[in-house]
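Working notes for the structure below.
Numbering (our numbering), first residue to last: 123 to 311.
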């Protein structure tokens, strides 16, 4: 009788669990239910494995098929799930996609790929937190984009355009810069 092979994602999840434990993460949860911003099940999603620091979501792990960790669509899916976050929409700080050979580790706060996950005792120094209101705004914009609500996005762009090219000239406010950055992010996502 042949032995039943363990599934590849299951093996990767167990290996990821070991690596996260080595980095000091003690609270590891499999098949973690992500936040549904609408509460109606339309954005129902789970993460393969998450690492928490108390109640703070830190790392979202996604197992990928061999060779898929380098695919942008797989990376973007994991980043979107991390943006949904945990309870009350708290986003994860880091995304880790692994296919057994290739790692993709992304710092959501810096919006940049990084080489290694930080240890549990160091992640707060590395990740500069953003305000809850800005985090929620980013999640709402991302949800609008993924729903295909392009009219709302176009309306926001028109408002931004009016603000930038108004009679008084460009106002160097963070709000205008944030809006422009979000629109560019949504366009290239």
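Ideal placement from N, C-alpha and C gives every residue a C-beta, glycine not left out.
Assigned exposure category for residue i - 16 Cβ within 10 Å defines buried
i: residue 301; result: buried
i: residue 143; result: exposed
i: residue 137; result: exposed
i: residue 306; result: exposed
i: residue 261; result: buried
i: residue 197; result: buried
i: residue 209; result: exposed
i: residue 135; result: buried
i: residue 264; result: buried
i: residue 233; result: exposed
i: residue 191; result: buried
i: residue 215; result: buried
i: residue 167; result: exposed
Terminal residues of the beta strand (DSSP E) in which residue i lies
i: residue 154; result: 149-155
Bridge partner(s) assigned by DSSP for residue i
i: residue 171; result: 152 and 183
i: residue 178; result: 175
Q) Which runs of the beta strand (DSSP E) fall wholly inside the stretch 182-267 and span at least 3 residues, in chain order? A) 216-220, 225-229 and 234-236
Q: Evaluate the contact criterion for the stretch 171-181 versus the stretch 145-161: three or more CB pairs, one atom per stretch, below 8 Å.
A: yes
(Q) For the pair the stretch 204-214 and the stretch 236-243, tell me if three or more CB-CB distances fall below 8 Å. (A) no
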